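Have a look at the structure below before the remarks.
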């Protein structure tokens with residue numbers, strides 16, 4: 007719900023709290039959010055706010071990356087997409103998640119992916135996102 011405030015959040019935390027690294031995580035469609043799908047934004051909706059936030063990160067010479075957002079939706083900010091290896095393991099009670107492996111789970115490639123310059127590194131679109139937002143509009147969202 008706070009994606010529209012991303013640029014302001016980044017501005018505040020960079021200067022006030024001296025944050026050095028930002029990770030913008032697009033929500034995964036599982037768990038409790040399955041009962042509240044209206045809270046899930048579309049990539050197109052977050053695009054201007056994510057771009058502005060990433061622009062601030064770049065201008066302030068801070069590190070940043072995104073999770074669950076394909077580079078094609080980031081356009082000129084692809085260097086922040088989660089296609090690079092982050093070498094991060096998250097630990098939960100009774101669970102361990104390697105983010106570099108996890109990003110390839112539950113994803114699909116669509117027609118648009120066929121000629122993408124990142125096709126060898128990008129995991130594609132989360133399948134749940136496809137089912138929720140893209141399946142009905144299959145013009146450029148056929149599986150490859």
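In the numbering used here, the protein residues as written are 7 to 150. Even for Gly, the Cβ is constructed at its ideal location relative to N, Cα and C. Just so you know, these numbers come straight off a predicted model, no measurement behind them.
In the DSSP assignment, the beta strand (DSSP E) including residue i goes from what residue to what residue?
i: residue 104; result: 101-104
By a C-beta neighbour count over all protein chains shown, 10 Å radius and 16 as the cutoff for buried, is residue i buried or exposed?
i: residue 12; result: buried
i: residue 30; result: buried
i: residue 54; result: exposed
i: residue 95; result: exposed
i: residue 76; result: buried
i: residue 120; result: exposed
i: residue 99; result: exposed
i: residue 109; result: buried
i: residue 140; result: buried
Whose CA, out of the options, lies closest to the CA of residue i?
i: residue 51; options: 126, 119 and 7; result: 7
i: residue 123; options: 94, 132 and 84; result: 84
i: residue 90; options: 59, 69 and 21; result: 69
i: residue 33; options: 9, 102, 62 and 115; result: 9
i: residue 87; options: 98, 100, 73 and 99; result: 73
i: residue 39; options: 141, 142 and 134; result: 134
i: residue 107; options: 66, 141, 127 and 37; result: 127
i: residue 66; options: 117, 44 and 28; result: 28
i: residue 115; options: 137, 97 and 101; result: 137
i: residue 82; options: 57, 101 and 63; result: 57
i: residue 18; options: 43, 62, 37 and 125; result: 62
With a cut-off of 8 angstroms on the beta carbons, I'd call residue i and residue j a contact; round off their distance for me.
i: residue 80; j: residue 92; result: 16 angstroms between Cβ atoms; not a contact.
i: residue 25; j: residue 59; result: Between residue 59 and residue 25 the Cβ distance is about 12 angstroms, and since that is not below 8 angstroms, they are no contact.
i: residue 131; j: residue 103; result: That pair is no contact at about 20 angstroms.
i: residue 35; j: residue 46; result: 6 angstroms
i: residue 142; j: residue 78; result: Rounded, the Cβ-Cβ distance is 20 angstroms, inconsistent with contact.
Fully enclosed by the segment 15-103, which beta strand (DSSP E) runs are 3 residues long or longer?
Runs of the beta strand (DSSP E) spanning 3 or more residues and lying entirely within the segment 15-103 occur at 27-31, 69-73 and 95-98, in chain order.
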